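With our numbering applied, the sequence shown covers -3 to 520.
To keep things clear, I will list the structure first and then write my remarks on it.
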Amino acid sequence: MTHFRHLAAAAFLLVLAACAQPRILPTVVEDTGFSHPAVDEVFSAGYEHVSDKYIEALALDDIGLEALRGLGAIDPALSIERADGKIGLYAEGGELIRLKIPDPATPRAWGRLTTQVAVAARGWSYEMRKADPERIYEAVFDGMLSELDIYSRYSGADEARRNRARRDGFGGIGLRFRLDDGEIEIIHVTPETPAAQAGLEEGDVIVSVDGKPMVGLSVREVSKRLRGPVDSQIRLVYREGDTKVEREIVLTRRHIVPQTVTATYSNGILVVRVSSFNQKTAADVKTAVMKHRRTSGARLKGMVLDLTGNPGGLLRQSVTLANLFLTQGHIISTRGRHSDSLHQYNADGEDILQGRPLVVLVDGKSASASEITASALQDRNRAVVVGTSSYGKGSVQTVIRLPNDGELTLTWSRLIAPTGYTLHGLGIHPTVCTSSTAFGLNADRVAQAVSSAAEAIEVFSRWRRPALLTADERSTLRDLCPPERRKDDADLSVAKRIILEKGLFARALTLTATDTPTAGKDPD
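In structure tokens:
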């Protein structure tokens, strides 16, 4: 019994001794699963581009500190501290590594430091060791960009590939689908694509791809199966929607650019809807207009360009779209810190609508590239804008491809409308406001609204001041026609009325007329 008491006392003393000693963290070991040169290259490229291209000058040690703190998103036990010219990585009160802060002007040194810290963290943290390089890139770049504007972001390799597909196209067969009770139902077939040429139609159901059943797959998994290298072959088994007969076909993938333009024609008015801006948008709008010019001739009275809900896209496509309806003069300017961000885009088109009335529809979700096109056509006195205040995303982002195939999207310039006002935070003020909280305007009252010239001219004079407005000033102006998401045909009815009623389009143009050169005059 006495022996057991002595053993218990000894064990108790050992526990006390252990508690009295500070926690000794495990030694950081070399991480063979982390390719240092490749990781260095990715981090270094990120630091270089952010410090060089972001619209505001940034100190590398500030963004570097936030980048390292991003590792806490993977393991909250990790923390970063800066003191005495050094950066330390800590976990549970113990120091894992301490490194000298590099020279502020050396992105590559910051890339190496970030890699060293990530390796040390992986040597101690189980959560960090579980994370693949893509997850670590995401944590670091999210931290790096956390203090920047909301439009600057990082996209991992998979997301970046999807983004590039939306902008530039991909290898595919030209159809859209939906999941319906676990089945892959075709909902749209793009004309002149492999799917259309093979006779696939809306309502058909894809049963298998290259011998593999499609049941139970997610939308992303189905897309991955359907896409592939251009000129590669794909074998489909599909069930015809009407006969339920299964058929097998072999198609050759082609370069497919997502369709962003749809056009309808009725009673002399062409309505062209643009959902976003990719590399084919302007060309597809031109094709639609030229087709109806040929088929309708003098019966074509005018056109409605519907940009409602359009979030934007490629800047140059928005410039090209505006240029289709202008002959000379200024379209848009971009101003940023980097020399390559300074541009002035001018028109040299031919007005493919040949002077016919043009009405542009915008709403509170019309942003970025949409606002470029709308502001150019309004400021150049070529179009009447109908709707609500637009979103007000007057900034330009540059997209940088990183060595890991991910992307950094960085804000690097502001958009300046032809009349000199800054679009960012303000947006477009419509010529005819249809906001429900403003006037409750409908088609029968549009002529009366257009007659209120003095008030409208005063509003546009305030809106177009070239000085950068304060947030309160911008908010006050936007409240004159609050931004809303338009989901009905009320705005379209107003637009058609402006086109068809004799003299109404010309009177509406006077509300936004300025000293800015019009389409037929040379710019100053």
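Positions of the beta carbon are idealized from the N, C-alpha and C atoms, including for glycine.
Note that the structure is predicted; figures quoted are calculated from it, not measured.
Inset, instruction - Under 6 Å Cβ to Cβ from R65, same chain only, skipping five residues before and after it: list those, please. - result: I76 and G139
Legend entry - Which listed residue (R118, V395 and I327) has its alpha carbon closest to that of A343: I327
Inset, instruction - For the alpha helix (DSSP H) containing R461, list its first residue and its last residue. - result: Run containing R461: none; DSSP gives neither H nor E here.
Inset, instruction - Return the CA-CA distance between Q275 and L92, expressed in angstroms with no decimal places. - result: 49 Å
Legend entry - Range covered by the alpha helix (DSSP H) that runs through R410: R410 -> not in any alpha helix (DSSP H); beta strand (DSSP E) instead, spanning E403 to I412.
Legend entry - Proximity of S271 and T258 at Cβ, strictly below 9 Å: yes
Inset, instruction - Mark L404 as exposed unless 16 or more other C-beta atoms lie within 10 angstroms of its C-beta, in which case mark it buried. - result: buried
Legend entry - S40 beta carbon less than 9 Å from that of W106: yes
Legend entry - Cβ contact check for the segment 207 to 227 and the segment 239 to 246: 3 or more pairs under 8 Å: By the Cβ test, the segment 207 to 227 is not in contact with the segment 239 to 246, since fewer than three Cβ pairs between them sit closer than 8 Å.
Legend entry - Local conformation of D128 per DSSP, three classes: coil
Legend entry - Rounded straight-line distance, which links the Cα of S262 to that of S214: 39 Å
Inset, instruction - Examine the Cβ distances between the segment 134 to 149 and the segment 56 to 64 and report whether three or more of them are shorter than 8 Å. - result: yes
Inset, instruction - Using beta-carbon positions only, say whether V455 and H420 come within less than 9 Å of one another. - result: Not a contact, by the Cβ cut-off of 9 Å.
Legend entry - Close-in-space but distant-in-sequence residues of the same chain around T111 (CB under 7 Å, 5 per side omitted): H32, V35, D36 and F39
Legend entry - Continuous beta strand (DSSP E) assignments of at least 3 residues falling wholly in the segment 262 to 337: Inside the segment 262 to 337, DSSP marks whole beta strand (DSSP E) runs of 3 or more residues at positions 265 to 270, 298 to 302 and 326 to 331, from first to last along the chain.
Inset, instruction - Evaluate the contact criterion for the segment 222 to 238 versus the segment 192 to 202: three or more CB pairs, one atom per stretch, below 8 Å. - result: yes
Legend entry - Contacting residues, own chain, Cβ-Cβ under 7 Å from A491 (five flanking each side not counted): V300, V355, L357 and V382
Legend entry - Assigned secondary structure, S214 (DSSP; H/G/I helix, E/B strand, else coil): If DSSP states are grouped into helix, strand and coil, S214 belongs with coil.
Legend entry - V113 beta carbon less than 9 Å from that of L144: Going by C-beta atoms, L144 is not nearer than 9 Å to V113.
Inset, instruction - Compute the beta-carbon to beta-carbon distance between G170 and A192, rounded to the nearest angstrom, for a pair I have assumed lies under 8 Å. - result: 6 Å
Inset, instruction - Evaluate K389 with the Cβ neighbour count: other Cβ atoms within 10 Å of its Cβ, from every protein chain shown; 16 or more gives buried, anything less gives exposed. - result: buried
Inset, instruction - Give the secondary structure of K82 by DSSP, where H, G and I count as helix, E and B as strand, and everything else as coil. - result: Collapsing the DSSP output to three states places K82 in a strand.
Inset, instruction - Take the Cβ of Y43 as the centre, count every other Cβ of all protein chains shown within 10 Å, and call the residue buried at 16 or more, exposed below. - result: Around the beta carbon of Y43, 16 or more other beta carbons sit within 10 angstroms, so the residue counts as buried.
Inset, instruction - Take I396 and list the residues in its own chain whose beta-carbon comes closer than 6 Å to its own, dropping the five residues that flank it on each side. - result: These residues qualify, in order along the chain: H45 and L404.
Inset, instruction - Can you tell me the Cβ-Cβ gap for G305 and S362, rounded? I've got them flagged as a contact below 8 Å. - result: 7 Å
Inset, instruction - Could you tell me the distance, in whole angstroms, from the CA atom of D57 to the CA atom of T407? - result: Linking D57 to T407 through their CA atoms gives a straight-line distance of about 20 Å.
Legend entry - Outcome for E52 when other beta-carbon atoms lying within 10 angstroms are tallied against a minimum of 16: exposed
Inset, instruction - Could you have a look at P209 and say whether DSSP puts it in helix, strand or coil? - result: strand
Legend entry - A259, DSSP secondary structure in three states: strand
Inset, instruction - Just list the alpha helix (DSSP H) runs in the segment 81 to 123, keeping only unbroken ones of 4 residues or longer that don't cross its boundaries, in chain order. - result: Counting only runs of at least 4 residues, the segment 81 to 123 fully encloses the following alpha helix (DSSP H) elements, listed from N- to C-terminal order: 103 to 120.
Inset, instruction - Check whether the Cβ atoms of L349 and G298 sit closer than 9 Å, and answer yes or no. - result: yes
Inset, instruction - Assign L229 to one of three DSSP states: helix, strand, or coil. - result: In the sequence as displayed, the identity of residue 229 is Gln instead of Leu. Three-state DSSP puts Q229 in a strand.
Legend entry - Straight-line Cα distance separating G402 from E155: The alpha-carbon atoms of E155 and G402 are separated by roughly 8 Å.
Inset, instruction - Figure out for me which residue from L488, R470, I97 and L496 has the closest Cα to the Cα of P353. - result: Closest option to P353, Cα to Cα, is L496.
Legend entry - Segment limits, alpha helix (DSSP H) that includes T506: For T506, the enclosing alpha helix (DSSP H) begins and ends at L500 to T506.
Inset, instruction - Could you check the C-alpha separation between A502 and R458 for me, to the nearest Å? - result: 22 Å
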